[in-house]
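This report refers to the structure that appears directly beneath it.
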Amino acid sequence: MNKIVLSQENDPYFNLALEEELLRNACHDEVTLYLWQNEKTVVIGRNQNPYTECDIEQLKSNEVSLARRISGGGAVYHDLGNLNFTFIFKKEQENLEKQLEVIKGAVESFGLEVALSGRNDIVYQGKKFSGHAFYTEEGNGFHHGTLMVEVNLEQLERILKPSKLKLEAKGISSVKSRVINLKELNNAISVASLTEALIKSFMNVYGNVAAPVRYSKMTYTPLLMEKYFDNKWIYGESPKYNVIVERSTPSGNIQAFFNVEHGVVKFLKIYSDSLAILNFEEFENKFINIDFHQIMEKNLLEEIFRDLHENSFI
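Mapped onto UniProt numbering, the consecutive letters of the sequence shown carry residue numbers 1 to 314.
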């Protein structure tokens with residue numbers, strides 16, 4: 001029987017920990033729809049550098065949390081005007097078409113005609129209101145994303161700092177011009193009404209759905225909470241960089257941060273907003289103690305960019 005899980009908490013660390021635990025406990029012949037909201041939070045992708053994706057000082061002064069998820073993709077801003085969804089399944093139950101049918105059906109029930117755009121967006125007349133990411137682990141997987149209902153767009157623009165590379169690649173000049181709130185399109189859309197529409201659409205598409213289960217801190221403490229709170233997970237190793245090399249590939253953007261001493265690479269850290277989950281450590285170790293000029297002259301970094309594209313599953 002398929003399930004609906006509702007989080008009654010707005011704590012990003014609780015919600016992300018619960019999401020991963022639901023993933024690990026996915027059952028055969030069952031798809032779970034998990035709906036959740038975060039208080040003001042920037043959530044970065046698995047391989048991203050927080051310092052290049054958001055203004056850390058703005059986060060602190062505006063009391064905005066910073067969290068890292070296990071899926072790939074880019075940084076997103078959450079507040080209580082945003083509704084998050086996650087489809088959780090065993091690999092054999094994966095069906096992106098049905099999952100998108102649930103999302104589109106819910107939004108279109110308010111009289112809006114929406115469309116897919118690129119590798120991970122849903123748009124209305126070219127403006128994005130929903131971004132998606134994907135993750136698989138040991139035969140289990142999830143597809144999750146955002147639904148912008150009434151997000152504070154000024155706060156979003158102030159806090160998120162997407163790389164200029166990314167904006168130029170899509171031919172746009174600012175974060176705010178890229179996105180739109182659903183409430184601007186139909187005043188009847190609220191987080192509550194959209195939640196009801198998603199539940200109804202999920203039941204229509206999947207059928208055989210159990211009554212929704214609610215989770216809160218009063219009744220449940222995710223075992224993985226400590227992981228998501230840990231600064232080592234959130235920030236990773238962020239040294240003082242000397243050289244930054246950026247590339248845009250069909251699968252995503254990649255940044256290589258080099259610490260170079262006397263012309264030789266002493267430290268290398270690679271970040272990406274690709275939806276593919278890649279092991280960059282092998283590449284990073286390969287370039288330690290190598291002449292930096294030789295790396296650039298021989299285009300040795302191109303194998304990273306090629307591998308990124310070839311291993312993308314989107």
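All residues carry an ideal CB built from backbone N, CA and C; glycine is no exception.
For E261, the three-state secondary structure derived from DSSP is strand. In the DSSP secondary-structure assignment, L224 is not bridged to any residue. Within the model, the alpha-carbon separation for N10 versus I290 is close to 46 Å. Counting only unbroken stretches of 4 or more residues, the alpha helix (DSSP H) elements lying wholly within the region 29-99 are 50-53, 56-61, in sequence order. Counting of Cβ neighbours within 10 angstroms places T146 among the buried residues, the total reaching 16 or more. Spanning the alpha carbons of K60 and Y206 requires a straight line of approximately 42 Å. Per DSSP, reduced to three states, the secondary structure at V179 is strand.
Take the alpha-carbon of M1 and the one of A197: they are about 20 Å apart. Relative to S71, the option among N82, Q48, F89 whose CA is nearest is Q48. Taking C-beta separations shorter than 6 Å and ignoring five residues to either side along the sequence, the partners of V107 in its chain run V114, following chain order. With a cutoff of 7 Å on beta-carbon distance, L156 and A75 are scored as not near each other. When the alpha-carbon of V5 is set against those of F202, V151, R46, F283, the nearest one is in F202. Distances from the CA of L96 to each of F142, E137, L66, G111 were compared; the closest alpha carbon is that of F142.
Residue pairing of Y215 in beta bridges, as defined by DSSP: S7. Secondary-structure assignment with DSSP links Q155 through no beta bridge to anything.
At the C-beta level, G73 and D273 come within 7 Å of one another.
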